[in-house]
Amino acid sequence: MNKLDNQINKFFSNIQFLSPWLIRFGLGVAFSLHGLSKFPLPPEVLIKYFGFSPFFASLVALAELGAGLFLIIGGFIKGPIGNLITRASAFTIAVVMINAFALAHRDWFITTKLFTSEQIFLLLIALYFLIRGNK
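Numbering (our numbering), first residue to last: 93 to 227.
Have a look at this one:
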């Protein structure tokens, strides 16, 4: 068993650095697309469904788009600035997702609906980058 494990580890050793990038790009692109789907501004669906003001509805769309893009960009910037951009983007995504659960998906809490949707994974990956930053 150890021999097989060692062979698998050796096979992936040269590309292991890509694993956080796969997660980063997946979350960044997904969240950017969620934001883009609300354009043109102000997003009428948020205004009608939630009763948001045009300003707040536009802010949500811009936050989603910006957080997704900056999560990706933050990974390319070395040092504390990149780390801060990554964490701020992840925090924004987490806040948006928590509010989405509270406002749009109240019936999802601790049910199979929650764990079979993409939304919980968007939140969990955001928490990963919030905690880990660029490290």
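Using N, Cα and C, we set each Cβ at its ideal position, and we do this for glycine too. Source: prediction; values computed, not measured.
{"Check": "Leaving out five residues before and five after residue 169 in sequence, what residues of the same chain have Cβ atoms less than 7 Å from its Cβ?", "Outcome": "177"}
{"Check": "Tell me which residues share the same chain as residue 150 and place their Cβ nearer than 6 Å to its Cβ, disregarding the 5 neighbours each side in the sequence.", "Outcome": "133, 134"}
{"Check": "CB-CB under 8 Å to residue 125, same chain, minus the five flanking residues each way: which ones, in chain order?", "Outcome": "160"}
{"Check": "For residue 190 and residue 212, I'd like the C-alpha separation in whole angstroms.", "Outcome": "9 Å"}
{"Check": "According to DSSP, is residue 93 helix, strand or coil?", "Outcome": "coil"}
{"Check": "Taking residue 127 as the reference, which of 204, 165, 184 has the closest Cα?", "Outcome": "184"}
{"Check": "Rounded to whole angstroms, what is the Cα-Cα separation between residue 117 and residue 140?", "Outcome": "31 Å"}
{"Check": "Using beta-carbon positions only, say whether residue 174 and residue 226 come within less than 7 Å of one another.", "Outcome": "yes"}
{"Check": "Of all the alpha helix (DSSP H) runs that stay within the bounds of the segment 160-216, which reach a length of 4 or more residues?", "Outcome": "171-196, 204-207"}
{"Check": "Going by beta-carbon coordinates alone, are residue 217 and residue 115 separated by less than 7 Å?", "Outcome": "yes"}
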